[in-house]
Amino acid sequence: MERYLYVFRGGEGMGRTPEEIQAHMGRWGAWIGKLSEQGKHEGGEPLNPEGRLVKSGGTVVTDGPFAEGSEVVGGYLLVKAGNYDEAVEMSKECPIFEADDGTVEVRQIAEIPA
Amino acid sequence: MIRHNSHDITEEANPHTMEIVDHLFRHEHGKMIASFTSKYGFRNIEIIEDAIQDALIRAMQVWPFRAVPDNPSAWIFKVANNRLIDKLRREQKLSKIDTIENGLDKVEGFRMPDEDEIEDDQLKMIFTCCHPSLPEETQIILTLNLLCGLGTDEIARALMKNKEAIAKALTRGKRKFKNEIGSLKPPVDKELELRLQVVMKVIYLLFNEGYKVTKGTQLMDPTLSSESIRLGMR
Chain A
1 MERYLYVFRG GEGMGRTPEE IQAHMGRWGA WIGKLSEQGK HEGGEPLNPE
51 GRLVKSGGTV VTDGPFAEGS EVVGGYLLVK AGNYDEAVEM SKECPIFEAD
101 DGTVEVRQIA EIPA
Chain B
1 MIRHNSHDIT EEANPHTMEI VDHLFRHEHG KMIASFTSKY GFRNIEIIED
51 AIQDALIRAM QVWPFRAVPD NPSAWIFKVA NNRLIDKLRR EQKLSKIDTI
101 ENGLDKVEGF RMPDEDEIED DQLKMIFTCC HPSLPEETQI ILTLNLLCGL
151 GTDEIARALM KNKEAIAKAL TRGKRKFKNE IGSLKPPVDK ELELRLQVVM
201 KVIYLLFNEG YKVTKGTQLM DPTLSSESIR LGMR
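Protein chains in written order, with this note's numbering: chain A, 1 to 114; chain B, 1 to 234.
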């Protein structure tokens with residue numbers, strides 16, 4: 001088993017009723033819960049929307065790194081999978097895809113050999 | 001096997017049980033609308049709606065990654081209250097006096113209202129939505145939206161009207177609140193009696209509509225009907 005990082009972008013700003021918001025949240029919980037039950041969930045956190053960007057040799061600090069809503073990283077998840085294909089397949093059920101601009105970036109963790 | 005608090009051991013082991021009461025968000029939405037319009041004034045209805053929306057979306061983004069908080073209502077209320085104060089300050093609708101004297105400071109001043117206070121506020125809300133100067137259908141639409149937490153589409157389906165008509169009625173009704181009705185003051189004496197008749201009629205209509213409502217394969221009637229029973233019993 002190898003570890004992969006899911007980076008979530010987009011999927012924000014869909015005008016919703018309280019019922020729809022709760023239903024959508026339930027689907028996220030179900031998806032993460034299923035990964036948990038399968039022993040594939042290693043960790044993950046949501047991110048606050050505000051942020052800072054430090055650049056130019058560490059001399060410049062600006063508010064937030066992003067321009068477009070679809071580029072905003074909303075959170076991450078660490079999962080276990082046999083290979084990239086499996087990690088990708090697992091990600092397809094993520095509820096972020098209910099929005100047109102939702103994306104999941106799948107990256108393999110570089111493990112240091114023993 | 002030893003059990004405690006009727007929780008199964010395996011349920012506790014999974015940190016991602018998203019056990020949330022059905023329609024929790026819809027009910028919390030209604031309670032917060034009532035509570036915040038009572039506290040901050042009906043003229044701020046739109047800002048209040050935005051703040052509540054923000055809080056529910058925040059819950060949606062955060063709770064799946066961790067457990068649902070022990071007291072979901074208090075969590076949502078507090079986040080919504082903080083967002084609301086930020087927005088009101090930004091629009092300079094809060095003076096320094098408001099902030100300190102009325103305990104509207106985010107950290108020190110927030111106190112989760114108790115059930116009785118929320119019920120009182122909800123009652124005030126029904127009376128306000130059933131204002132005699134509004135057409136009866138608008139009264140129903142406002143009640144469904146503000147008190148019962150139904151969106152434009154859901155109301156359109158419930159009343160079998162088109163979405164635009166519902167949206168228009170909501171805009172007009174809320175504009176009236178912003179400009180004319182001001183802070184919530186319950187009617188008294190003769191006016192109360194007349195208003196009560198209207199309220200009971202709206203609740204009766206809500207109950208009736210409950211039977212006609214479907215949302216795809218999911219029947220909404222139980223919710224609407226039980227909403228109206230709940231309101232009527234107060």
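Here a beta-carbon is modelled for each residue, glycine too, at the ideal position from N, C-alpha and C.
Exercise for the section: Consider the Cβ of PRO46(A): report whether some Cβ of chain C lies at a distance smaller than 8 angstroms. Expected result: Looking for chain C here will not work: the only protein chains present are A and B.
Handout entry: Straight-line Cα distance separating GLU105(A) from ASP114(B)
Key = 44 angstroms
Problem - Contact residues within the stretch 145–162 of chain B, judged by C-beta distance below 9 angstroms to chain A - result: GLY149, LEU150, GLY151, THR152, ASP153 and GLU154
Handout entry: Nearest-angstrom Cα separation, counted from PRO18(A) out to GLN53(B)
Key = 8 angstroms
Practice task
Measuring only between beta-carbons, confirm whether ILE122(B) sits less than 8 angstroms from chain A.
Solution key: The displayed chain sequence assigns Gln, not Ile, to residue 122(B). Cβ-Cβ to chain A under 8 angstroms: no for GLN122(B).
Handout entry: Continuous alpha helix (DSSP H) stretch holding PHE77(B): start and end
Key = 72–90
Problem - CYS130(B) versus ILE141(B): straight-line alpha-carbon distance, rounded - result: 10 angstroms
Problem - Which of helix, strand or coil DSSP assigns to ASP8(B) - result: A caution first: ASP8(B) carries a pLDDT of 44, below 50, which makes its placement in the model unreliable, though a value can still be read off. DSSP places ASP8(B) in coil when its eight states are reduced to three.
Handout entry: Pick from LYS201(B), ILE166(B), ASN81(B) and LYS124(B) that is closest to MET112(B), judged by C-alpha positions
Key = ASN81(B)
Practice task
Can you have a look at TYR204(B) and say buried or exposed, based on whether 16 or more other CB atoms are within 10 angstroms of its CB?
Solution key: exposed
Exercise for the section: Report yes or no: is there a C-beta of chain A within less than 8 angstroms of the C-beta of TRP75(B)? Expected result: no
Exercise for the section: Consider the Cβ of ARG175(B): report whether some Cβ of chain A lies at a distance smaller than 8 angstroms. Expected result: no
Exercise for the section: Output the distance between the C-alpha atoms of TYR211(B) and ARG172(B), rounded to the nearest integer angstrom. Expected result: With a pLDDT of 41 at TYR211(B), under the threshold of 50, the predicted position of this residue should be treated as unreliable, though the coordinate-derived value follows. Their Cα atoms are separated by approximately 27 angstroms.
Exercise for the section: Spell out whether any CB of chain B is found under 8 angstroms from the CB atom of PRO18(A). Expected result: yes
Problem - contact_flag[the stretch 16–32 of chain A, the stretch 82–100 of chain A] where n(CB pairs < 8 angstroms) is 3 or more - result: yes
Practice task
Hey, could you find the ends of the beta strand (DSSP E) ALA99(A) is sitting in?
Solution key: From DSSP, ALA99(A) is part of no beta strand (DSSP E); its letter is neither H nor E.
Handout entry: PRO46(A) (DSSP reduced to helix, strand or coil)
Key = strand
Exercise for the section: Kindly indicate which residue of LYS40(A), GLY39(A), GLY11(A) and GLN108(A) has the alpha-carbon position closest to the one of GLY74(A). Expected result: GLY11(A)
Exercise for the section: Compare the C-alpha of PHE110(B) against each of ASP116(B), TRP75(B) and GLU91(B) and name the closest. Expected result: TRP75(B)
Handout entry: Residue closest to VAL72(A), alpha-carbon to alpha-carbon, out of LEU78(A), ILE109(A), LEU5(A) and ASP101(A)
Key = ASP101(A)
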